[in-house]
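Working notes for the structure below.
Residue numbers (UniProt numbering): 1 to 322.
Structural data, given as structure tokens:
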């Protein structure tokens, strides 16, 4: 198999590129799906493996990702781009007449580096801008709206549950007190509030910024990222052909635990409650151990340090009831 070094690259370098290609084993004439196009690094690599008879479907809800993908699709007829969330993965693939025919399916979860670099998207505390955080700015409401109306308890619960932030209550109190004077409407203002709420003795000397967990939690909440992931994982069983490969790259434990639980449930069915009844066949076969970035990749791309990839292969059996 060709490696990433042999293939045309997007300006943004995706994580675990060679490992993902090796895991997915895309065939020259295969049907592949990149459910998280981002800036197209994985998609371009897959196109580099596909032959003239191959097909790639790429999905993304981000408008900048859509612009990049549509430009690429205009040059390469093997690529079909769908603007939308992978939450509707089954519907997207069914609309294309490809349900149950996909040979390779990839998810690269989280936020792409270019999204963090654009202050106007509101994802990062390092660039001042409107406090938005929506993956699709044409859908739903920005996180600033939610912060303006949510109760102290709701804010604290989200920051604790999705950010694992030990000072969630103090941060929520700071937000509620500040919004009584003026709406918390920018990334800089929110970051300032978090920094002031977290004790200096705790944040001093830490590698991560005090606002990292809070921003992660609010982004995941406003986009319902875990709910979307659950829906998408369940849809993979309808999308993949028997023998089709599924690879999921996660960046934090909340995502990875869901992926691990889903794959293990479908690969290791629980014994039937009725004695002597036949055990259900697994809907997935786990493929190898979880994959992490090597020292070279992690050193060159800090985003890769927390990445973990799990891989499974679809059998011909029905889904396992959880």
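Note that CB positions come from ideal geometry on N, CA and C, so glycine has one too.
Keep in mind that this is a model prediction, so the values were computed, not measured.
Tell me where the beta strand (DSSP E) around residue i begins and ends.
{"i": "residue 53", "result": "Unbroken run through residue 53: none, as it is neither H nor E."}
{"i": "residue 200", "result": "No beta strand (DSSP E) contains residue 200, which is instead part of the alpha helix (DSSP H) from 200-203."}
{"i": "residue 104", "result": "102-108"}
Where DSSP assigns a beta bridge to residue i, which residues make up the other side?
{"i": "residue 250", "result": "308"}
{"i": "residue 208", "result": "The partner list for residue 208 (beta bridge, DSSP) is empty, contrary to what the question assumes."}
{"i": "residue 130", "result": "186"}
{"i": "residue 59", "result": "82"}
{"i": "residue 240", "result": "102"}
{"i": "residue 292", "result": "308"}
Helix, strand or coil: which one does DSSP assign to residue i?
{"i": "residue 320", "result": "coil"}
{"i": "residue 153", "result": "helix"}
{"i": "residue 180", "result": "coil"}
{"i": "residue 35", "result": "coil"}
{"i": "residue 313", "result": "strand"}
{"i": "residue 284", "result": "strand"}
{"i": "residue 111", "result": "coil"}
{"i": "residue 257", "result": "helix"}
{"i": "residue 27", "result": "coil"}
{"i": "residue 245", "result": "strand"}
{"i": "residue 230", "result": "helix"}
By the 10 Å Cβ neighbour count, where 16 or more other Cβ atoms means buried, how is residue i classified, buried or exposed?
{"i": "residue 219", "result": "buried"}
{"i": "residue 5", "result": "Confidence in residue 5 is poor, its pLDDT being 38 and thus under 50, which makes the residue's placement unreliable; the coordinate value appears in the next sentence. Result: exposed."}
{"i": "residue 294", "result": "exposed"}
{"i": "residue 182", "result": "exposed"}
{"i": "residue 43", "result": "buried"}
{"i": "residue 152", "result": "exposed"}
{"i": "residue 201", "result": "exposed"}
{"i": "residue 76", "result": "exposed"}
{"i": "residue 208", "result": "exposed"}
{"i": "residue 274", "result": "exposed"}
Please look up how many angstroms separate the CB atoms of residue i and residue j, rounded, as I've assumed it's under 8 Å.
{"i": "residue 91", "j": "residue 81", "result": "Going by Cβ atoms, the distance from residue 91 to residue 81 rounds to 16 Å, so no, they are not a contact pair."}
{"i": "residue 240", "j": "residue 49", "result": "Not a contact, Cβ separation roughly 18 Å."}
{"i": "residue 282", "j": "residue 228", "result": "That pair is no contact at about 25 Å."}
Identify the continuous alpha helix (DSSP H) that holds residue i and give its terminal residues.
{"i": "residue 24", "result": "17-24"}
{"i": "residue 303", "result": "Premise fails: residue 303 is in no alpha helix (DSSP H) and is neither H nor E."}
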